[in-house]
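Offset between the sequence shown (1-based) and our numbering: plus 42. Input: a single structure, listed below in structure tokens.
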Amino acid sequence: MINKETWIRIIGIVLTISLIVFMSYATIYWAEGPLQDVRGNLGGTFFWIGLMLVLLFRVTSFFIDASDMIFYPHRFIEGWSVRKWKK
Numbered sequence: 043m044i045n046k047e048t049w050i051r052i053i054g055i056v057l058t059i060s061l062i063v064f065m066s067y068a069t070i071y072w073a074e075g076p077l078q079d080v081r082g083n084l085g086g087t088f089f090w091i092g093l094m095l096v097l098l099f100r101v102t103s104f105f106i107d108a109s110d111m112i113f114y115p116h117r118f119i120e121g122w123s124v125r126k127w128k129k
């Protein structure tokens, strides 16, 4: 039996993967299409890939923190997560 915390992490991973797919499509579309004259293919592609990676890490960390806040609120009240990562 999978507990609720694991389900929330699985949902976070699925949403993160869907974000990667969407940003990959946006990268290909905008680099090859409408903004090609405004900026070069290579620079625009690296911009979108960088933006995708930043969003990936932010979304992943958000879902991990959200699942911790839902299931272990007393740890956040005590500042448990900050101390945990500093050790």
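All C-beta atoms, glycine included, are put in the ideal place defined by N, C-alpha and C.
Distance, residue j Cα to residue i Cα
| i | j | result |
| --- | --- | --- |
| residue 45 | residue 64 | 29 Å |
| residue 102 | residue 93 | 14 Å |
| residue 91 | residue 55 | 19 Å |
| residue 61 | residue 98 | 7 Å |
| residue 100 | residue 43 | 29 Å |
| residue 50 | residue 68 | 27 Å |
| residue 57 | residue 95 | 14 Å |
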